[in-house]
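The block underneath contains the structure these notes are about, expressed in structure tokens.
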Amino acid sequence: KNEFHDYLAQYPAKDIRRALIDLFKVMDTKPENRDPYLADDLKVFPYVNGGLFSNENIEIPQFTDEIKNLLLAKASEDFDWSEISPTIFGAVFESTLNPETRRSGGMHYTSIENIHKVIDPLFLNQLGHEFDACTTKKDLQAFQDKLASLTFFDPACGSGNFLTETYVSLRRLENKVISKLQGPQMVMGDFKNPVKVSIHQFYGIEINDFAVSVATTALWIAELQMLRETERIATFEVDPLPLKTYHNIHEGNALRLDWSEVIAPENLNYIMGNPPFVGHQHRTLDQQQDMDVLYADIADSNYGKLDYVCAWYKKAADYMQGTSIRAALVSTNSICQGESVIAMWQPLFEKKHITIDFAWPTFQWDSESSLKAHVHCVIVGFSTIGTKERRLYNSDGTYKQCQNINGYLLDAPNVFVQSRSKAPKGLPEMTKGSQPTDGGNLFLTEDEKNALIAKYPTTQQFVKQFVGAEEFINNKKRYCLWLKGVSPTLYSHIPEITDRLKAVREMRLASPTASVKRDADIPMLFTQIRQPETNYLIIPRHSSETRRYIPIGYMNADVICGDANQMIADASIYMFGLLTSNVHMSWMRVVCGRLEMRYRYSPAVYYDFPWPKPTEVQKAKIEQTAQAILDARALYPDCSLAELYGEVSMPPELVKAHQENDKAVMAAYGFSTKMTESECVARLLEMYQELTR
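So the number in our numbering is just where the residue sits in the sequence shown, counting from 1, plus 131.
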């Protein structure tokens, strides 16, 4: 550090760039090949090798006085840079990328804590147990040899955080071995390096060329740091330079590269990492083509709706066939929810013989960067060889030992909910509300409604309250012109209405959709009309994931239901009690789709739900408790459902009413009130499996 400071200090800012280029060339040249007339201030720098300074096309910006002074200040500060974690490069690298690059690449860099959620259950915990079991010198030597034989592969390695932290963790374990084998004696005479674990056991693929360089450099730094730790344990010194060339990090598209060319599968032990988080709707054309190629051998897979990360699971499953490789990947939690489960996991279970060995259900993912990755993730460990101890982890690191972990990350059989599009026999249909496709021209505010009716009193019969999900949940007032079955004589003379209808017609004529264009001839009507003639049960299609219960309620037939809601005409109070129960909500949270993290309720959630077979007494009890929920809401007429069902604002009367309803519904299923939510869903999945055999 001192030599570096003195070397740069002699140059003005405008010459720093040239001075660094000269320095890099010297550090990439063996001493015997250097210019004999090389300046003394350059001779002191060592030969580094390893390709670290071999790139002659490296871009070095011009320096200002301010940047030069900052660099020199950092070089002269009394700070031990050798203790800096190499994984910090991941955060530094991320901070250099613009938001669009991060989004399109699905890049999220990883905290040490989250890396260990992957590598600890994958292999590190077991290695720790094996070390603890070593009682003899022979045991320790054999264990060290095992550490040096293991190989690791991150097929989306980014700046190398997973590889670097894994290397550091293995070397710390090896240092414990060395400490027991050698103790604090000085190694004299015929020196033999006691270190066997090497960065050459670590492989990666990364599509970003700069990230490849960062990953390679981070591993070198980790190697040097861990060597210093070993020196303190075994009391020996070794010159780490020159570096050995390291070409295990490959630049390229991991979904197009043959992984066998990076490392042969028979030579690999573990796959790990956090592949790109890119939702199916955000995939680029190239990314879509990646998936088309990869899934070509599974013709019946509905992979088009899968997140991009799923391709790494498929590629890993193909690669590990016939081997004992174990893998663990971080993913967006959508891969274990809703339609994605059958599209992703069924082919892997049935055609690739994959088993889930451990998993961390949904948790919030944090990166080392100041630009936090606010996404909800799962970690899934899998293999083709299985394990006797399948573990589902809790947020505090405790775990449940399972018989089987299915695609929903539940301790339950491998059941796949098929997403029915039609109601089973005896169950009333659920439909979307009516869709206007009107450019907003058929809608009125409360003031506009009042002004229209005051001027034309006869319009009161066809100006109706309209309720979309927003209006229903937040108790907002909105109105629409509902002209179905209304004679034109009642409105054709009213300019405030005919002007709106002309605007609807023009909007529809401009639409690229043929069916919408056809409906330009009937601008007085919604393009899709499904309004029931009876009271109906309404369920908003999207709802906040923070709510224990989705707000569900009854609406009068005169209130027009919009297409942001699902509805069931003439639904009984018993049905309301079942659908608003914790049993149905537990089911919904697992099998529904998601918009970001919000629940996306579809008819399939309702159609696939296994209903109980209650006694008449049990059914009457549910009807009673369901009515009590409506009565409890009525105690707060000024409150919206958003307020009544807020995470911390649910009134005590409503809490109690829901608790009593939950008990009544669980009794109808024969479920214990001590059952956890995951146990409840596991039992529902078993019921579903029985119903669909």
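Heads up, the beta-carbon is just placed ideally off N, CA and C, and yes, glycines get one too.
In the DSSP assignment, residue 740 falls outside any beta strand (DSSP E) and carries neither an H nor an E. Short of 6 Å from the beta carbon of residue 286, and not among the five residues preceding or following it, lie these beta carbons of its own chain, in chain order: 336, 385. The residue from 388, 776, 401 with its alpha-carbon nearest to that of residue 294 is 401.
With respect to the 8 Å criterion, residue 284 and residue 380 are not classified as neighbours on the basis of their beta carbons. Close CB contacts of residue 569 within its chain, under the 6 Å cut and outside five residues either way in sequence, are with 635 (chain order). Closest in C-alpha terms to residue 771, from the list 682, 789, 816, comes 682.
Across the structure, residue 425 and residue 590 are spaced so that their CA atoms are roughly 59 Å apart.
For residue 737 and residue 731, the gap between their C-alpha atoms comes out near 12 Å.
Residue 546 places its beta carbon 8 Å or farther from that of residue 822. Secondary structure of residue 566 (DSSP, three-state): strand. Residue range 256–263 is occupied by the alpha helix (DSSP H) that includes residue 259. Within the model, the alpha-carbon separation for residue 527 versus residue 717 is close to 21 Å. A contact is defined here as three or more CB-CB pairs under 8 Å, and the region 774–785 meets this definition with respect to the region 753–765.
Looking from the CA of residue 600, the closest CA among 592, 566, 620 belongs to 566. Per the C-alpha coordinates, the member of 254, 811, 338, 623 positioned closest to residue 417 is 338.
With a cutoff of 8 Å on beta-carbon distance, residue 564 and residue 661 are scored as near each other.
The C-alpha of residue 199 lies about 42 Å from the C-alpha of residue 460. Just measuring C-alpha positions, the residue of 445, 673, 539, 261 sitting nearest residue 469 is 539. Secondary structure at residue 623: coil, using DSSP grouped into helix, strand and coil. Residue 352 and residue 363 have their C-alpha atoms spaced approximately 17 Å apart. For residue 820 and residue 552, the gap between their C-alpha atoms comes out near 17 Å. Under the DSSP assignment, residue 671 falls in the beta strand (DSSP E) whose first and last residues are 667–671. A Cβ-Cβ distance of about 20 Å is found for the pair residue 812 and residue 753, leaving them out of contact under the 8 Å criterion. If you look at residue 302, you'll find it in the alpha helix (DSSP H) that goes 292–313. In the DSSP annotation of this structure, the continuous segment of the alpha helix (DSSP H) that includes residue 800 starts and ends at 783–800. When 383, 331, 356 are compared, the shortest CA-CA separation from residue 340 is found for 383.
Considered as a whole, the region 631–712 harbours 667–671, 684–686, 696–700 as its complete beta strand (DSSP E) runs of no fewer than 3 residues, in chain order. Here the region 304–314 lies against the region 259–273, with 3 or more beta-carbon pairs under 8 Å apart. The beta-bridge partner set that DSSP reports for residue 403 consists of 459. Straight through space, the alpha carbons of residue 706 and residue 814 are spaced by roughly 20 Å. The DSSP-derived three-state label of residue 770 is coil.
Apart from the 5 residues on each side of it in sequence, residue 387 sits with its Cβ closer than 8 Å to the Cβ of 421, 424 in its chain, given in chain order.
Beyond the five residues adjoining it in sequence on each side, residue 573 comes within less than 6 Å, by CB distance, of 567, 611, 612 in the same chain, given in chain order. In this chain, the beta strand (DSSP E) harbouring residue 509 covers 506–514. In this chain, the alpha helix (DSSP H) harbouring residue 445 covers 441–450. In the structure shown, residue 378 adopts coil according to DSSP, grouped into three states.
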